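Read the structure below first, then the notes.
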Amino acid sequence: MSRAGPRRALAVAALAGVLVLAGCAASRPASPTGDHEMAPGARVRLADGSSLAYTRVRHDSRCPPEVACIHAGWAEAEFVHAAGAAPGRTFVLSTRAGGEAFETGGWRFELLELGRGASPPAAIRITRAAD
Numbered sequence: 177m178s179r180a181g182p183r184r185a186l187a188v189a190a191l192a193g194v195l196v197l198a199g200c201a202a203s204r205p206a207s208p209t210g211d212h213e214m215a216p217g218a219r220v221r222l223a224d225g226s227s228l229a230y231t232r233v234r235h236d237s238r239c240p241p242e243v244a245c246i247h248a249g250w251a252e253a254e255f256v257h258a259a260g261a262a263p264g265r266t267f268v269l270s271t272r273a274g275g276e277a278f279e280t281g282g283w284r285f286e287l288l289e290l291g292r293g294a295s296p297p298a299a300i301r302i303t304r305a306a307d
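Counting with the numbering used here, you get residues 177 to 307 for the letters of the sequence shown.
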């Protein structure tokens, strides 16, 4: 009997275990509050059934990382908060110094970081708005 048979069986079993664990992790719902990294077009479902979608970058005048600039520039990312059948509320968060947040529908959304490139990811913090 060759040793390739048991090795192959062990490799297949290990791969199957990794795939099962990956499937479980992918199907787990994300916590609606906390920090999220979102790609353009991504949506996060919130605890009250509403959702937050990251639609696009509206403006980006930031200096490229490999270039020395006099002014660092800034960028704006567009989001939509939607609840039920009502039209969503579109808002913009900026990378300007000091940061900013937007509150709507009992939620507070804060842009933590905006990546670079054609479709940059956005890191956003979602918390309940203070009443």
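No residue lacks a Cβ here, since even glycine has one placed at the ideal position from N, Cα and C. As the structure is a prediction and not an experimental result, all values here were calculated from the model.
In DSSP terms, what residue i is bridged to
i	result
histidine 212	Ile300
aspartate 236	Ala251
arginine 219	Ala229
alanine 258	Ser227
valine 268	Glu254
Secondary structure of residue i, DSSP reduced to three states
i	result
arginine 292	coil
alanine 192	Because the pLDDT of alanine 192 is 43, which lies under 50, any placement of that residue in the model is unreliable, and the number read from its coordinates should be weighed accordingly. Helix, per DSSP.
threonine 321	Past the boundaries of the shown model lies residue 321; the chain is included only from 177 to 307, so the question cannot be answered.
glutamate 286	strand
Short Cβ contact (8 Å threshold) for residue i with residue j
i	j	result
alanine 261	glutamate 279	no
proline 208	isoleucine 300	no
leucine 287	alanine 258	no
proline 216	serine 295	yes
leucine 222	phenylalanine 285	no
Status (buried if at least 16 other CB within 10 Å, exposed otherwise) for residue i
i	result
glutamate 289	exposed
serine 237	exposed
threonine 308	In the structure as shown, the chain starts at 177 and stops at 307, and residue 308 therefore has no counterpart that could be examined.
valine 233	buried
valine 243	exposed
isoleucine 246	exposed
alanine 298	buried
Identity of the residue in the options nearest residue i by Cα
i	options	result
glycine 275	Glu242, Glu213, Trp250, Ala223	Trp250
alanine 273	Gly291, Ser295, Ala248, Phe285	Ala248
glycine 225	Ala298, Ser295, Gly282, Arg292	Gly282
threonine 231	Phe285, Val256, Gly293	Val256
glycine 293	Cys239, Ala277, Pro263	Cys239
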